[in-house]
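Heads up: the structure comes next, in C-alpha cells.
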Amino acid sequence: MEQIQERIQRKAAEIEDIIKAYLPEETGLQRSVLEAMNYSVLAGGKRLRPMLMLETYRMFGGRGREVEALMAAIEMIHTYSLVHDDLPAMDNDEYRRGRRTTHAVYGEAMGILAGDGLLNLAWETAMKAFASERREEQNLQAEAVRLRRVADAISVLAQKAGVFGMIGGQCADIEAEGAEQVSMEQLLFIHEHKTAALIQAAMMAGAILAGADRQQVERMERCAYDIGVAFQIQDDILDVTGTAEELGKPIGSDEKNHKQTYVTINGLEASAGEVERLSREAMEILFSLEGDSSFLQELTAFLIHRRK
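Numbering of the sequence shown is given in my numbering, commencing with residue 2 and proceeding in unit increments.
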C-alpha cells in the first residue's frame, strides 16, 4: 500500500506544477479575488480528477501536452464546486483539507466571487488546449482531427459540470436535505451527478484526447460511474467511521445537515458491500481494455478503499 501512496504523491506533485502554471498572477484591483482563487486551488487535495484524466490519456496512447490545459481546468471546476459547497447557504463548513475554507478566510462575498472566477477561468484554460500541440510540420487533416478531439473533450467537460451533471446533482442534494424520506433513485442520482460526473468527465476527456473510439469512451464513462459512486459511498462511510484528524474536516456533517446517505438508508455493511461490487466492476472494465491500465487499477482500489 505504501508503494501506491508514494506513486500517487509523486504524480500529484507533477500535476501540482501543471496546475500552478495556469493560475493567475495576484495583481490589479481584483487582487483579492485572485488571492482567494489561488488559496482555494492550492489548499491541497488528491488531484484525483486531473490524475485520472492524465492516466486515461496515457492508457489510450496519448503522448502530447494538450491534456494539461484540461487537467488544470477540471481541477478549477472541482475546486469552485467545493468553495461554493462550503458556503453558509450550502453546507456552512469552516474547515476543509485541514485548513479554513475560502469564505471563512476571505468572507462570504469573496467566496462566491472566487468560485465564479474559478469556473470562468476553467473555460479560459481549457481553450488553451486548442493551441498547445500545434506544429508547423503537421498536415491539415491531422490538425483537424486533433482540434475535433479537443472540442469533443471540452464539450464532455462542460456537460458533466453543468445542470445535467454536477450542478444538477448539487440541486437534487440540496432539495433532499431535511426530507423525511429519500429514495434510492434520488440518492443514486445525486451520487452519479454530484460526484461521479466530474470523474466521468476526466476519464472520458482523457480517452477522447488520445483518440479512443466511441465504444471505448462509453466504457470509460461506465467505469468512472462505478468509481465515482463507490467513492461517494465510501465518503459516506467515513463520515460515520472516520475522525476529523484523518479527514481534515468535521465528521458527522451529514447528520448535522440532516442528510440521508447510502449508509443511513442501507447500513454500514450493505454500503461496504456495494463499494466492493462497484470496485470489481470498474476493475473488470479497466482490465478488459487495451493499453497499460495497471496504475489506474491500483489508483482506483486505493481511492475507493481510502481512510481519508
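No residue lacks a Cβ here, since even glycine has one placed at the ideal position from N, Cα and C.
What you are looking at is a predicted structure, and each value in this text was computed from that prediction instead of being measured.
Problem - Neighbourhood of H79 by C-beta distance below 7 Å, restricted to the same chain and skipping five residues each side - result: These residues qualify, in order along the chain: R50 and L199.
Problem - 8 Å CB neighbourhood of L119 in its chain, flanking five on each side removed - result: Cβ within range, chain order: M38, S41, V42, M77, I78, T80, Y81 and V84.
Handout entry: Backbone CA spacing between I19 and E181 [nearest angstrom]
Key = I19 and E181 have their alpha carbons spaced roughly 45 Å apart.
Practice task
Quick one: grab the DSSP three-state call for Y96.
Solution key: Taken through DSSP and simplified to helix, strand or coil, Y96 comes out as strand.
Exercise for the section: Note down, in chain order, each residue of its chain lying with its Cβ closer than 8 Å to the Cβ of E109, except the 5 sequence neighbours on either side. Expected result: Closer than 8 Å at the Cβ level, and outside the excluded window around E109, lie L88 and P89.
Exercise for the section: May I ask you to report which of helix, strand or coil DSSP gives R101? Expected result: Note: R101 maps to strand in three-state DSSP.
Handout entry: DSSP state of A271 mapped onto helix, strand, coil
Key = Residue state, collapsed to three classes: helix.
Handout entry: Straight-line gap, F296 to F61 (C-alpha atoms, nearest Å)
Key = Straight-line Cα distance between these residues: approximately 13 Å.
Practice task
Within 10 angstroms of the Cβ of K260, are there 16 or more other Cβ atoms? Answer buried if so, exposed if not.
Solution key: Taking a 10 Å sphere around the C-beta of K260, we find 16 or more other C-beta atoms and assign the residue as buried.
Handout entry: Neighbour-count burial assignment, E56, 16 or more Cβ in a 10 Å radius
Key = The residue is buried, with at least 16 neighbouring Cβ atoms inside 10 Å.
Handout entry: Close beta carbons around A202, own chain, < 7 Å, minus the five adjacent residues each side
Key = Result list for A202: I75, V157, L158, K161 and A162, in chain order.
Handout entry: For M185, three-class secondary structure by DSSP
Key = M185 falls in the helix class under three-state DSSP.
Exercise for the section: Please classify N140: does DSSP put it in a helix, a strand, or coil? Expected result: Residue state, collapsed to three classes: coil.
Handout entry: Residues near G116 in its chain [Cβ-Cβ closer than 6 Å; skip 5 each side]
Key = Same-chain partners within the cutoff: Y81, V84 and H85.
Problem - Cβ neighbour criterion (16 or more within 10 Å) applied to E15 - result: Note on E15: under 16 other CB atoms within 10 angstroms of its CB, so exposed under the neighbour-count rule.
Exercise for the section: Hey, could you find the ends of the alpha helix (DSSP H) D87 is sitting in? Expected result: Neither: D87 is in no alpha helix (DSSP H) and is coded neither H nor E.
Practice task
Quick one: using the 10 Å Cβ neighbour count with 16 as the cut-off for buried, is D293 buried or exposed?
Solution key: Flag for D293 reads exposed.
Problem - When I175, E178 and A206 are compared against M72, the one with the closest alpha-carbon - result: Minimum Cα distance to M72 is reached at A206.
Handout entry: Nearest-angstrom Cβ-Cβ length linking E282 and D227, presumed shorter than 8 Å
Key = Sure, about 5 Å apart at Cβ, within 8 Å.
Handout entry: Whole-Å CB distance - A13 paired with M52, under 8 Å assumed
Key = Here A13 really is in contact with M52; their C-beta atoms are around 7 Å apart, less than 8 Å.
Handout entry: Contact the segment 212-225 vs the segment 165-180: 3+ CB pairs below 8 Å
Key = No, because fewer than three Cβ pairs between the segment 212-225 and the segment 165-180 fall closer than 8 Å, the two stretches do not touch.
Exercise for the section: Compare the beta carbon distance of F131 and V151 with 8 Å and say whether it is the shorter of the two. Expected result: Yes. Within cutoff.
Exercise for the section: Taking only the alpha-carbon atoms, compute the straight-line gap between M352 and E26 and give it to the nearest angstrom. Expected result: Here the chain comprises residues numbered 2 to 309, so residue 352 is not present and cannot be evaluated.
Practice task
Report the three-state DSSP secondary structure of L248 (helix, strand or coil).
Solution key: Because L248 sits at a pLDDT of 44, beneath the cut-off of 50, its placement in the model cannot be relied upon, and the following sentence gives the value as read from the coordinates. For L248, the three-state secondary structure derived from DSSP is helix.
Handout entry: Local Cβ density within 10 Å of L287, reported as buried at 16 or more and exposed below that
Key = Answer is buried; the Cβ neighbour count reaches 16.
Practice task
Check P25 in the structure and name its three-state DSSP category.
Solution key: When DSSP states are grouped into helix, strand and coil, P25 belongs to the coil group.
Handout entry: Given A208 as reference, the closest of I168, R147 and L30 once Cα atoms are compared
Key = With distances taken between Cα atoms, A208 lies closest to R147.
Exercise for the section: Look up F303 in the DSSP assignment and say whether it is helix, strand or coil. Expected result: In the three-state reduction of the DSSP assignment, F303 falls in the helix class.
Handout entry: Close-in-space but distant-in-sequence residues of the same chain around R48 (CB under 6 Å, 5 per side omitted)
Key = Only A13 and I16 meet the Cβ criterion.
Exercise for the section: Find the nearest neighbour of K129 within the set R278, G112, L114 and I155, judged by alpha-carbon distance. Expected result: Shortest Cα-Cα distance from K129 to any of R278, G112, L114 and I155 involves I155.
Exercise for the section: Determine the direct distance from the alpha carbon of A44 to that of E95, and round the result to whole angstroms. Expected result: Using only the alpha carbons, I get a separation of about 13 Å.
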